[in-house]
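Take our numbering: the final residue in the sequence shown is number 244, and no numbers are missing along the way.
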Amino acid sequence: MSWRLALEDFQHLFYPRACRLCDAALMRKEEELCLSCLYALPRTRSTLQKDNPVAKVFHGRVPLDFAGSYLYFRHDSMVQKLLHQIKYRNKKELAMAIGKLYALELMEEGFNAPDVIVPVPLHPRKERQRGYNQSYYFGLGLASVFGCECSDNVLIRTAHTATQTRRSRWSRWENVASVFDLKKGFLPEKKRIVLVDDVTTTGATLESCVRVLQQGNASVSGILTIAFALRG
Ligand SMILES: [Zn+2]
Numbered sequence: 013m014s015w016r017l018a019l020e021d022f023q024h025l026f027y028p029r030a031c032r033l034c035d036a037a038l039m040r041k042e043e044e045l046c047l048s049c050l051y052a053l054p055r056t057r058s059t060l061q062k063d064n065p066v067a068k069v070f071h072g073r074v075p076l077d078f079a080g081s082y083l084y085f086r087h088d089s090m091v092q093k094l095l096h097q098i099k100y101r102n103k104k105e106l107a108m109a110i111g112k113l114y115a116l117e118l119m120e121e122g123f124n125a126p127d128v129i130v131p132v133p134l135h136p137r138k139e140r141q142r143g144y145n146q147s148y149y150f151g152l153g154l155a156s157v158f159g160c161e162c163s164d165n166v167l168i169r170t171a172h173t174a175t176q177t178r179r180s181r182w183s184r185w186e187n188v189a190s191v192f193d194l195k196k197g198f199l200p201e202k203k204r205i206v207l208v209d210d211v212t213t214t215g216a217t218l219e220s221c222v223r224v225l226q227q228g229n230a231s232v233s234g235i236l237t238i239a240f241a242l243r244g
């Protein structure tokens, strides 16, 4: 075992690791991103404020203790590049690293760790195509710092959103609302659940998930996402 560890330890000498955003060679303690990119990320730093822009998206829609995002998203920005790497370039470790960074920031601000992190699921066909659910890996990063579980065994996506086009307006709404379901055998057991996803935009997807969980008597305390998309 010891020689394996030693080999992994020195692997970066032979295969230099590069920052996922600027391609600079990473220093030994840097994980996925270099220090200067890390400092340049546009953090919201407002997750625990009641009236932050993400929390406002959900006001009057579903009851939550908090909702927040780690970063602000703008088109043609480093956050767009970061999300692209996470979603389409197979960079699961980057999603995990972002989850860890966000969780550390939240813990410093006095955040109460949840019992379970639940990622918004992809449709199984989409997950097969991509090979992974990026929100699950973001959740794993959060969970590793919070010391809790990240479970992809709670929610299931039951319909593919692309099938909505031929339906009437009313049934389309119904279809959106019933895209998610609880997996068989899920027991809420008074667990404090935090729902996670990659981006908050209109909040419609996250709202559907919260409703499904609450209908199953689960206690959803809040929502955490990687980025919040500013309008315009
Ligand atoms: Zn960099």
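Beta carbons are placed, not taken as given, at the ideal position from N, Cα and C, and that holds for glycine. Please read these numbers as outputs of a predicted model, since none were measured by experiment.
Checklist entry - Where does MET108 land, buried or exposed, given buried means 16+ other C-beta within 10 angstroms? => result buried
Next on the checklist: Pop quiz: GLY151 and PRO131 are said to be a contact at Cβ under 8 Å. What is the actual Cβ separation, rounded to whole angstroms?
Outcome noted: 4 Å
Item to check | DSSP three-state assignment for ARG223, whether helix, strand or coil | outcome: ARG223 falls in the helix class under three-state DSSP.
Checklist entry - For ligand 1, any of its heavy atoms closer than 6 Å to the Cβ of ALA36? => result yes
Item to check | Cα-Cα separation between LEU33 and ASP63, rounded to whole angstroms | outcome: 31 Å
Item to check | Whole-Å CB distance - LYS195 paired with LEU167, under 8 Å assumed | outcome: 7 Å
Item to check | First and last residue of the uninterrupted beta strand (DSSP E) at ALA191 | outcome: At residue 191 the sequence reads Val, which differs from the Ala that was named. It is not in any beta strand (DSSP E) - VAL191 carries neither H nor E in the DSSP assignment.
Next on the checklist: Considering only DSSP beta bridges, list what ALA239 is partnered with.
Outcome noted: LEU83 and VAL211
Checklist entry - Are TYR84 and PHE240 close, meaning C-beta to C-beta below 7 Å? => result yes
Next on the checklist: When you compare the CB positions of LEU38 and CYS31, do they come within less than 7 Å of one another, or not?
Outcome noted: yes
Checklist entry - Do you know whose CA, among SER81, HIS96 and LYS138, lies nearest HIS87's CA? => result HIS96
Item to check | Alpha carbon of VAL74 to alpha carbon of ARG40, nearest angstrom | outcome: 44 Å
Checklist entry - Which one or two residues does DSSP pair with PRO75 in a beta bridge? => result Partner(s): none; PRO75 has no beta bridge.
Next on the checklist: According to DSSP, simplified to helix, strand and coil, what is GLU120?
Outcome noted: helix
Checklist entry - Does the beta carbon of ASP164 come closer than 7 Å to any beta carbon on chain B? => result Reference to chain B is not applicable here, since this structure consists of a single protein chain.
Next on the checklist: At a cut-off of 6 Å, would you count LEU194 as near ligand 1, judging by its Cβ distance to the nearest heavy atom?
Outcome noted: no
Item to check | Residue from ALA67, LEU113, HIS71 and VAL232 whose Cα sits closest to the Cα of LEU53 | outcome: LEU113
Next on the checklist: Could you compute how far the alpha carbon of THR56 sits from the alpha carbon of VAL69?
Outcome noted: 15 Å
Checklist entry - Of all the options ALA171, HIS135 and ASP209, which has the alpha carbon lying nearest to the alpha carbon of TRP149? => result Checking the sequence, you will find Tyr at residue 149 rather than Trp. Selected option, being the one with the closest Cα: ASP209.
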